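> Here you go, one structure.
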Amino acid sequence: EAQVTQNPRYLITVTGKKLTVTCSQNMNHEYMSWYRQDPGLGLRQIYYSMNVEVTDKGDVPEGYKVSRKEKRNFPLILESPSPNQTSLYFCASSPGAREPEAFFGQGTRLTVV
Amino acid sequence: GIQVEQSPPDLILQEGANSTLRCNFSDSVNNLQWFHQNPWGQLINLFYIPSGTKQNGRLSATTVATERYSLLYISSSQTTDSGVYFCAVAANTGFQKLVFGTGTRLLVSP
């Protein structure tokens, strides 16, 4: 089944403890992105990647890191999480510029205490 | 950057009723998608429709790109249609980023 898989689905962590949210797609898509969703602010892009080793900042990149060492994987790293990073996170992938339809993972609900 | 407005913000329907949701956008787009966010938070793809008309069961969508709006029609609504409906667009000059509207929250009561 074609899908975008995020893990974990739910995570409660403490301030300052490094964490990684994994994202994997099995559709051979070139583009991958991370978004966060917050009440009143909607969904906003954190980082995106147009191919392996090609990443760039979205609208809200502060406090996050990403890497794209393989085409299928695009992990989101929080080196020192803070409570303002409590949010619902989504990974997305799409084939590329000519076929921009995006497919989203199930979401990761992160709470930082 | 591109702006996306959705209306109405909230909608309450009796089961079986029909509804129309609207999405206005401020610039030319190469991507327009409709999503349904279910009560568990998952974003479900409904339509990829940068222009034209598509139908999928009780749902259909129309995008008039030259006039910069899209409509999502829900017919014979069911309680399982409840949730938030998002329109998201990507500008021709910013195709790597989807910009989401604020959503329409739909509640279908039995």
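So the sequences go chain by chain: D and R.
Take the first sequence: its position 24, counted from the start at 1, is 24 in this note's numbering, and no numbers get skipped.
In short: position in the second sequence from 1, add 1000, done, that's this note's numbering.
Glycine included, each C-beta is placed from N, C-alpha and C at the ideal position.
From a predicted model like this one, the values you see are computed outputs, not experimental measurements.
Against chain R, which members of the segment 86-108 of chain D pass a CB distance test of less than 7 angstroms?
Here the close residues are Leu88, Phe90, Ala97, Pro100, Glu101, Ala102, Phe103, Phe104, Gln106 and Gly107.
> Against chain D, with Cβ distances strictly below 8 angstroms, would Leu1043/R count as a contact?
With 8 angstroms as the cut-off, Leu1043/R counts as an interface residue toward chain D.
> Counting pairs of beta carbons, one from the segment 1003-1010 of chain R and one from the segment 1046-1061 of chain R, are three or more of them closer than 8 angstroms?
No, the segment 1003-1010 of chain R does not touch the segment 1046-1061 of chain R.
> In chain R, what lies closer than 7 angstroms to Leu43/D by C-beta?
The contacting residues are Phe1100.
> Is it buried or exposed for Trp1040/R, if we count other Cβ within 10 angstroms and need 16 for buried?
Burial call: exposed.
> Can you check whether the CB of Asp1027/R is closer than 8 angstroms to the CB of Ile1049/R?
Cβ atoms of Ile1049/R and Asp1027/R: not closer than 8 angstroms.
> Would you verify that the beta carbon of Tyr47/D is, or is not, closer than 8 angstroms to some beta carbon of chain R?
Taking Cβ atoms only, chain R never reaches closer than 8 angstroms to Tyr47/D, which makes this a no.
> Measure how close the beta-carbons of Gln25/D and Val4/D come, nearest whole angstrom, since I'm counting them as under 8 angstroms.
5 angstroms between Cβ atoms; contact.
> Nearest by alpha-carbon distance to Arg36/D: which of Asn84/D, Arg98/D, Ser80/D and Arg72/D is it?
Here the closest residue by C-alpha is Asn84/D.
> Can the beta-carbon of Ser1109/R be found less than 8 angstroms from the beta-carbon of Ile1012/R?
Contact: yes.
> Kindly list, in the order they appear in chain R, the residues whose Cβ is closer than 7 angstroms to that of Met27/D.
None at all; the shortest Cβ gap to chain R is about 13 angstroms.
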